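Undergrad: Here it is, the structure in full.
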Amino acid sequence: MSDDTNPSGDSRRSVMKKGALAATALAVGTGATATTTAAQEEDGEVVVSGHDYYPDTDFDVLAEFESGTRDDILESDNLEGEFDDVGDWDVYAVSFDVGSGGILGYFMVDEGDADISAGDTGSMTGTASFRNAEANLLEVDVTTEAAEDDPEDDEADAEDDEADNDESEDDEEA
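In this text, residue positions in the sequence shown follow full-length UniProt numbering: the first is 1, and each later residue adds one.
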């Protein structure tokens with residue numbers, strides 16, 4: 001066979017090479033994404049009331065309580081003296097994925113024990129230890145995943161910042 005009788009042979013090989021290259025790139029990209037996702041998971045320890053302990057159940061972190069509410073919770077009668085310096089603790093409202101509507105609860109986090117923010121998701125392990133049996137407080141390991149950054153929010157924030165800068169420049173010129 002001569003080259004003239006099979007003109008599509010080269011283009012066919014070229015398409016196959018490009019297809020193989022694209023498949024390899026996709027596989028590498030998928031692996032990198034999986035690595036990035038795994039790196040976003042955080043392990044830590046929280047303190048939770050026995051009433052708010054749902055082992056091996058997913059939860060959503062709804063909000064961090066303001067300092068006044070945090071202090072009220074940590075200094076309540078049944079927890080008095082349990083937390084040495086309440087300023088070192090954060091208290092979060094969480095929704096546990098139990099039943100059709102979920103169950104609201106909260107947990108307490110010592111500053112260095114877990115990296116948690118509103119919008120995060122996670123789960124508690126099935127193993128807990130008593131921090132204070134009389135106060136029904138448990139120490140539980142959790143795994144959390146940071147909330148994904150919403151690009152629309154970033155765009156809106158950038159537009160707000162730009163508008164603020166324009167206003168401040170106008171004020172300086174006046």
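A virtual CB, placed ideally from N, CA and C, is assigned to each residue, including glycine.
The model shown is predicted, which means the values in this text are computed figures rather than measured ones.
1) What is the DSSP secondary structure of I73, counted as helix, strand or coil?
2) Measure the alpha-carbon distance for V91 versus G112 and round it to whole angstroms.
3) For D58 versus S100, is the C-beta distance shorter than 8 angstroms?
4) Counting only the same chain and skipping the five closest in sequence on each side, list residues whose C-beta sits under 7 angstroms from that of L79.
5) Looking at the strands, I want to know which residues DSSP matches up with G102.
6) Buried or exposed, going by whether 16 or more other CB atoms sit within 10 Å of the CB of V98?
7) Once the 5 residues before and after D52 are set aside, which same chain residues still bring their CB inside 7 angstroms of it?
8) In whole angstroms, what separates the C-alpha of F83 from that of Y54?
9) Just tell me which of V140, E145, V61, E148 has its CA closest to the CA of G102.
10) DSSP three-state call for D90: helix, strand or coil?
11) Tell me the rounded alpha-carbon separation between A146 and D115.
12) What's the C-alpha gap between D120 and W89?
TA: Let me spell this out:
1) helix
2) 13 angstroms
3) no
4) A135
5) None, per the DSSP bridge assignment.
6) exposed
7) G105, Y106, F107
8) Annotation: F83 to Y54 spans about 23 angstroms, alpha carbon to alpha carbon.
9) V61
10) strand
11) Cα to Cα, A146 sits roughly 9 angstroms from D115.
12) 18 angstroms
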